[in-house]
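Just so we're on the same page, the numbering used here is the position in the sequence shown counted from 1, plus 224. Here a beta-carbon is modelled for each residue, glycine too, at the ideal position from N, C-alpha and C. A short write-up of the structure that comes next.
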Amino acid sequence: MLSSTEILKWLREILICRNKFLLKNKQADRSSCHFLFLCGVGCDIPASGNSTQMSVDHDELLRTCALGASLRKGKGNSSMDSTSGCSGTPPICRQAQTKLEVALYMFLWSPDTEAVLVAMSCFRHLCEEADIRCGVDEVSVHNFLPNYNTFMEFASVSNMMSTGRAALQKRVMALLRRIEHPTAGNTEAWEDTHAKWEQATKLILNYPKTKMEDGQV
Numbered sequence: 225m226l227s228s229t230e231i232l233k234w235l236r237e238i239l240i241c242r243n244k245f246l247l248k249n250k251q252a253d254r255s256s257c258h259f260l261f262l263c264g265v266g267c268d269i270p271a272s273g274n275s276t277q278m279s280v281d282h283d284e285l286l287r288t289c290a291l292g293a294s295l296r297k298g299k300g301n302s303s304m305d306s307t308s309g310c311s312g313t314p315p316i317c318r319q320a321q322t323k324l325e326v327a328l329y330m331f332l333w334s335p336d337t338e339a340v341l342v343a344m345s346c347f348r349h350l351c352e353e354a355d356i357r358c359g360v361d362e363v364s365v366h367n368f369l370p371n372y373n374t375f376m377e378f379a380s381v382s383n384m385m386s387t388g389r390a391a392l393q394k395r396v397m398a399l400l401r402r403i404e405h406p407t408a409g410n411t412e413a414w415e416d417t418h419a420k421w422e423q424a425t426k427l428i429l430n431y432p433k434t435k436m437e438d439g440q441v
């Protein structure tokens, strides 16, 4: 069975491939069905998870394309918003973005130093995605990733850190304190971390003293 660190590396490769795909197709017209499909508009991934069975509601997609074209003509390039990064992005895509951020944040507390560094390097690919997608509409990357600058710092540290785990965690804490904008991702990660901390604290406080005494006998 693969370790969580190996799975995280696999996830990083997926992010790299996704950005290559977006970069290759970034010149597509923003209002075209093709680019809207890349951003997840109008797509429905089946519960089976088989990507070859991806289906599209044709009528809905055409309506979305027509809406995108009219917005582009009437309002210029302001089609991204600060929560989804792409106007009209379906909820499942926003949820996926949130869960991805949560997973990366949670890996920052891993006892495995390699896992922490891999997670930090993954933030770079989130920033690259923001660069690609925001470049199409010529809007600020902060509209897509409010904490873009901190994410880039995480990524840069992942290349330089070669010290022990204590020093790495100290650096991680320092960077986390620089996060200025609350998002669904970092809020959920904080809540999950707090819940785990409370659970661990109770286990430590309630640890039977008899077991400690038995161990000393």
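The beta carbon of ARG389 sits closer than 6 Å to the beta carbons of THR337 from its chain, once the five residues preceding and following it are set aside; these are given in chain order.
By the neighbour-count definition (other C-beta atoms within 10 Å, threshold 16), ASN410 is a buried residue. Using a C-beta cut-off of 8 Å, the segment 318–331 makes contact with the segment 398–412, since at least three inter-stretch Cβ pairs fall below that distance.
Distance from the CA atom of SER364 to the CA atom of CYS358, rounded to whole angstroms, is 6 Å. Every alpha helix (DSSP H) stretch that sits fully inside the segment 313–365 and reaches 4 residues is listed by chain position as 315–331, 337–361. Taking one beta carbon from each stretch, the segment 413–425 and the segment 374–385 have fewer than 3 pairs nearer than 8 Å; the two do not touch. Here the segment 345–354 makes contact with the segment 231–245; the two share three or more CB pairs at distances below 8 Å. The three-state secondary structure of GLU404, taken from DSSP, is coil. The C-beta of ASN367 has 16 or more other C-beta atoms within 10 Å across all chains shown, which makes the residue buried. Taking SER382 as the centre and dropping the five residues before and after it, the same chain places the C-beta of LEU341, MET344, SER345 closer than 6 Å to its C-beta, in chain order. Contact between LEU332 and VAL396 holds, with the beta-carbon distance rounding to 5 Å and staying under 8 Å.
One thing to note: ILE356 has its Cβ within 7 Å of the Cβ of LYS250. Within the same chain, no Cβ atom closer than 7 Å to the Cβ of LYS248 is found once the five residues on either side in sequence are excluded. Within 10 angstroms of the beta-carbon of ARG348 lie 16 or more other beta-carbons, which makes it buried.
THR374 has its alpha-carbon roughly 8 Å from the corresponding atom of LEU400.
Here LEU429 is exposed. Its C-beta has fewer than 16 other C-beta atoms within 10 Å. One alpha carbon belongs to VAL360, the other to LEU239, and they sit about 19 Å apart. DSSP places PHE245 inside the alpha helix (DSSP H), whose first and last residues are 228–248.
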